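Here the protein sequences come in this chain order: A and Z. Quick note on my numbering: the first sequence kicks off at 1 and runs consecutively. Quick note on my numbering: the second sequence kicks off at 1 and runs consecutively. Structure, as structure tokens:
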Amino acid sequence: GIQVEQSPPDLILQEGANSTLRCNFSDSVNNLQWFHQNPWGQLINLFYIPSGTKQNGRLSATTVATERYSLLYISSSQTTDSGVYFCAVGSGTGNQFYFGTGTSLTVIP
Amino acid sequence: KAGVTQTPRYLIKTRGQQVTLSCSPISGHRSVSWYQQTPGQGLQFLFEYFSETQRNKGNFPGRFSGRQFSNSRSEMNVSTLELGDSALYLCASSPTGRAAGELFFGEGSRLTVL
Chain A
1 GIQVEQSPPD LILQEGANST LRCNFSDSVN NLQWFHQNPW GQLINLFYIP SGTKQNGRLS
61 ATTVATERYS LLYISSSQTT DSGVYFCAVG SGTGNQFYFG TGTSLTVIP
Chain Z
1 KAGVTQTPRY LIKTRGQQVT LSCSPISGHR SVSWYQQTPG QGLQFLFEYF SETQRNKGNF
61 PGRFSGRQFS NSRSEMNVST LELGDSALYL CASSPTGRAA GELFFGEGSR LTVL
């Protein structure tokens, strides 16, 4: 299967700071999503971004598929941004996704 | 539009028992996939169903099985439970049957095996 590496594994930020989370993957993909896992375990969709750049409020994401990486930017972080961020990639037929090990973000007031 | 619904949300079983988890996808979604999340192994793909057929299967033993009904609802079953099966089981639905559509996850079923 496809190997997915996320960095950094842990991140502690002061409220208001900016951050960049990275996702590297080992093979060609035709799908990439970023998720935020809330304290109750649900994976919340942030971006569906197989390529290109998207923005949604304080969050934006860029995927460079040819170089096999994606970046998630969080600006002006808030305590509610705390949690684990996952990158997931898919390829081939069907909806089999490979997940990274996540970045655990803590935003302190 | 209602999201992905998983039941039960929490359950406790003992070793050797079996368990059935249910997932109702978003209306109109025909693809349902299942993932297991544990602290040690992270998020791992179990299987995917599309139009009542298993389309992909992850690397799990035969004790893990699933099925999909004509209304796209899906169930997964784990037989002869082991302590290591304790996990959060997440179901996801996708609107597309073609390669790698966008996934939408439910809140999960948290299984504890004693």
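Cβ atoms here follow ideal geometry from the backbone N, Cα and C, with glycine treated the same way. Note that the coordinates shown come from a computational prediction; the quantities given were computed from them, not determined experimentally.
- Item | Beta-bridge partners of residue 32 of chain A, as assigned by DSSP | Beta-bridge pairing by DSSP links residue 32 of chain A to A:89.
- Task: Specify the secondary structure class of residue 61 of chain A as computed by DSSP and reduced to three states.
- Result: Strand.
- Determine which residues share a DSSP beta bridge with residue 10 of chain A and list them. The partner list for residue 10 of chain A (beta bridge, DSSP) reads A:104.
- Task: Mind listing the chain Z neighbours of residue 48 of chain A? Cutoff is C-beta to C-beta under 8 Å, in chain order.
- Result: Result: 102.
- Per-residue DSSP class, three states only, for residue 103 of chain Z: Residue 103 of chain Z sits in coil when the DSSP states are folded into three classes, being neither helix nor strand.
- Item | Three-way DSSP call (helix, strand, coil) for residue 82 of chain Z in this model | In the structure shown, residue 82 of chain Z sits in coil (DSSP, three-state: anything other than H, G, I, E or B).
- Query: Is it right to say residue 108 of chain A is buried, meaning 16 or more other beta carbons lie within 10 angstroms of its own, or is it exposed?
  - Reply: Exposed.
- Message: So with CB distances below 7 Å, who are the chain A contacts of residue 56 of chain Z?
- Response: Going along chain A in sequence order, the residues near residue 56 of chain Z (Cβ under 7 Å) are 94 and 96.
- residue 28 of chain Z beta carbon less than 8 Å from that of residue 95 of chain Z: Residue 95 of chain Z is a Cβ neighbour of residue 28 of chain Z, given a cutoff of 8 Å.
- Item | Minimum C-alpha distance to residue 116 of chain Z - residue among Z:42, Z:73, Z:58 and Z:19 | This structure cannot speak to residue 116 of chain Z, because chain Z is shown only from 1 to 114.
- Message: I want to see whether chain A comes within less than 8 Å of residue 48 of chain Z, judged by CB atoms only; does it?
- Response: Closer than 8 Å to some Cβ of chain A, the Cβ of residue 48 of chain Z qualifies, so yes.
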